[in-house]
Amino acid sequence: MKRTIEGAVLAGELRLLEALSAYRAFKDADEGGAPAHEVRRLWILAESLYHAVNDFQLLVASPPPSTVH
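Going by the numbering used here, the sequence shown opens with residue 1, and the numbers climb by one from there.
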């Protein structure tokens, strides 16, 4: 796939939808009175997916680094 903004969006769309779904699940659990450990688990998952999307978009949109950690 080409290194373009459009390519980055298309490649990251599934990750973005997954992150949004995780955030919605967290909000629903929080507002629905789910146990604290479940709300915390969903928050960690949503936060992790958000960072994965952000890192992916930065990696695709910028010039390739000499190393990826």
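All C-beta atoms in this analysis are idealised placements derived from N, C-alpha and C, irrespective of residue type, glycine included.
Three-state class that DSSP yields for residue i in the structure shown
i, result
"Ser62", "coil"
"Gly12", "helix"
"Ala34", "coil"
Exposure label - residue i; buried when at least 16 CB within 10 Å
i, result
"Leu42", "buried"
"Ala46", "buried"
"Leu59", "exposed"
"Leu49", "buried"
"Gly12", "buried"
"Ala22", "buried"
Distance CB(residue i)-CB(residue j) smaller than 8 Å
i, j, result
"Arg15", "Phe56", "yes"
"Glu38", "Ala52", "no"
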